[in-house]
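In this note's numbering, the protein residues as written are 11 to 584.
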């Protein structure tokens, strides 16, 4: 089979044109990669997203196949056993037919799988036109990537020729590799990453200065940013201003609770990145603000580690405040204004540092209060914020970690954990052998348990006298389940039994699955509440499982769920 790169334009004396005829073996392996790329994973994909995923996978497969083809050609040249022209023509005809059949068949499969997933999650359906656009756009994207790859390869060949002119033949390859590594480091790390960091900080710093439409400075003394607050309105940042201005009002609390229930304006305390220079100073300011606002006199006090932008999830805050008729205090501290997907790379470790400092500072003041009158101390974190929630308590195993938490806290609600979190990993690795990775059971769920919206899930109340650590974790949430290891081994969420919202057709394939994982992470919030990384409809159940008020019943939980009705509008920021 002809694997030669015969040019359709004039060849140079030093190699081939980037428009040379494609590699037969490259197209074979590329087609296999393309077919694998259309299989479903955790998050439904639009035709454009799928085209990009398929294009990348097809181009990678082509590169692998073309490289293998060169090796095969070299072996055949050594044995002088070459296919005849007739065999070559036949091979190209067979390959062309296979491509035509595979594109039609794969597009039909993709359409069916996506329709099933969209229907399960209550999302708008797609049609044949989407499948056709996906196939065509994917091939076009792959073609462009292959051409770029050929251009890069030609540049590498030119570099190697120049190196060989000045370096003996044997060390030339090593010298070329060194030069390429240095060039890559300069371009990717020195320029691209630095440029991304500069752009991101400039862009999101400007966004942090903005105020959402309709948000005005609150007048209530129980929230930060008010005229009597120790934290200025201007220093709170966009997410902080949004958080304090939307505190649940006594009128909204009275709409749900019985006429005889005493309702009170909840305490919301927040320190933005401009409220104080350092994390420690922000934490100390937050404690003084809690004292001023009466946060240490409430029934429950929540130390809240926000997501990368400093976002405090409104649905989670409202659910807690309604649960306790406003007798609550929430304290949060902004450590970054970058989205979580950027913050995890550009502000690595800040969530852990900020969470540890805030928790220690609040707990130190709280511990000095009379035990009989101080509030219940709880923790909350979602996504990147969960790293800051877990890190202060992590020990050598799950039992020790939970013991550390029990010694200092009265409970925790941990939502959509970041992949690789220490305690989540321990609970997952040490789980009962008959429990799945998406709902691990550890030590009979006496202290920690994982909840999701599976209609078949049994949610028994805890009988433990210690703190209740509740994890909200959808089986279809890509954040806890995707890691770099998807490149070389199947993720555990593909094991049986699978979560109720995980496609049966999902399967692992080297490299391809990792590309699909990237798409899942980018579109983690695209499904409606109850799926993916959107937990807007789960917070009432979560707080009720962590620490319900005295006399609270399952019927109360259902009634509050219906009252808040977050099943339609989902979470919109990370």
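From the three backbone atoms N, C-alpha and C, an ideal C-beta is built for every residue, glycine too.
With 16 or more other Cβ atoms from the protein chains shown falling within 10 Å of its own Cβ, residue 328 counts as buried.
Relative to residue 510, the option among 496, 140, 519 and 447 whose CA is nearest is 447. For residue 389, there is no enclosing alpha helix (DSSP H); the residue is found in the beta strand (DSSP E) stretching over 386 to 392. The DSSP-derived three-state label of residue 277 is strand.
In this structure residue 101 does not touch residue 35 by the C-beta definition: roughly 10 Å separates them, more than the 8 Å allowed. The C-beta separation of residue 393 from residue 426 comes to about 5 Å, placing the pair in contact by the 8 Å criterion.
Residue 378 and residue 420 have their alpha carbons spaced roughly 16 Å apart.
Beta-bridge partners assigned by DSSP to residue 460: 481.
Short of 8 Å from the beta carbon of residue 136, and not among the five residues preceding or following it, lie these beta carbons of its own chain, in chain order: 56, 57, 121, 124, 125 and 128. If you ignore the 5 residues before and after residue 256, its C-beta comes within less than 7 Å of the C-beta of 324, all in its own chain and listed in chain order.
By the 16-neighbour rule on beta-carbons within 10 angstroms, residue 70 is buried. Separation of the CB atoms of residue 346 and residue 318 is rounded to 5 Å, and the pair is thereby assigned contact status at 8 Å. Minimum Cα-Cα distance from residue 519 among the listed residues 42, 32 and 38 corresponds to 42. Your pair residue 553 and residue 330 checks out as a contact, with CB atoms roughly 5 Å apart and the cut at 8 Å. In the DSSP assignment, residue 434 falls within the unbroken alpha helix (DSSP H) covering 432 to 439.
A residue is called buried when at least 16 other Cβ atoms come within 10 angstroms of its Cβ; residue 162 does not meet this threshold and is exposed. Listed in chain order, the non-local C-beta contacts of residue 240 below 7 Å within the same chain comprise 295, 298, 299 and 302, local neighbours out to five positions each way being set aside. Cβ contact annotation for residue 559 (same chain, cutoff 7 Å, sequence separation greater than five): 333 and 334, in chain order. In the structure shown, residue 162 falls within a helical segment according to DSSP collapsed to helix, strand and coil. From the listed residues 372, 389 and 432, the smallest Cα separation to residue 409 is found for 432. Taking a C-beta distance under 9 Å as the contact criterion, residue 488 and residue 531 qualify as a contact pair.
DSSP places residue 447 in the coil class of the three-state scheme, outside both helix and strand. Beyond the five residues adjoining it in sequence on each side, residue 50 comes within less than 6 Å, by CB distance, of 123, 127, 513, 515 and 516 in the same chain, given in chain order. Straight through space, the alpha carbons of residue 237 and residue 250 are spaced by roughly 15 Å. When C-beta atoms of the stretch 532 to 552 are compared with those of the stretch 139 to 147, fewer than three pairs fall below 8 Å, so the two segments do not count as touching. Within the stretch 308 to 338, the runs of alpha helix (DSSP H) that reach at least 4 residues and sit entirely inside it are, in chain order, 324 to 333.
Within the same chain, Cβ atoms closer than 7 Å to the Cβ of residue 403 are found at 411, 414, 415 and 433, the five residues on either side in sequence being excluded.
If you look at residue 369, you'll find it in the alpha helix (DSSP H) that goes 360 to 377. Scanning 550, 561 and 555 for the CA closest to the CA of residue 568 turns up 550. Using a Cβ distance threshold of 9 Å, residue 451 and residue 442 count as a contacting pair. For residue 425, the uninterrupted beta strand (DSSP E) run begins and ends at 421 to 425, by DSSP. Unbroken alpha helix (DSSP H) stretches of 4 residues or longer found wholly inside the stretch 544 to 571: 549 to 556, given in chain order. Here residue 371 has 290, 293, 294, 296 and 297 as same chain residues with Cβ atoms under 8 Å from its own Cβ, once five neighbours each way along the sequence are excluded. Relative to residue 314, the option among 574, 388 and 110 whose CA is nearest is 388. Distances from the alpha-carbon of residue 284 to those of 268, 271, 244 and 260 put 244 closest. The beta-bridge partner set that DSSP reports for residue 131 is empty.
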